[in-house]
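All the letters of the sequence shown, read from the start, carry residue numbers -13 to 97 under the working numbering.
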Amino acid sequence: MDTSAHNDARHWEQEIGRLHARIDDFEARFEAEYHILRSIVDTQIEELRAMVRKVEGDIAAISPDAYVQQVADQVAELKLKGDLAYELLQERLVAGGSRDDPAPDVGPPVS
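Laid out in structure tokens, this is it:
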């Protein structure tokens, strides 16, 4: 048997062995990193799901009657502000007009 061919075969067997070892090392590192990342992602997903459940609970806690009351309160507040603005406007028109020139009637406040 030719010695150079024998050495070449042994060289390639060793090279293939090193490549297999590198592949095994890469697969082991990949698996370890995958498990770490999977754990992090699972934790973040569970946190997001908990946030969604909390928001859903908050929404469910607002009954339709409570929502209607909230909107009615906001409308009443806006009406009050509108009435106050109308009264202030009327006062300024009256105070700003001359005695010979009466303030124009802008109508009653809208309800």
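A virtual CB, placed ideally from N, CA and C, is assigned to each residue, including glycine.
query	result
Length of the line joining the Cα atoms of Ala18 and Ile48	46 Å
Coil, strand or helix - Ser(-10) by DSSP	helix
Residues near Gln0 by beta carbon distance below 7 Å, same chain, minus five either side	none
Cα-Cα separation between Glu77 and Ala46, rounded to whole angstroms	46 Å
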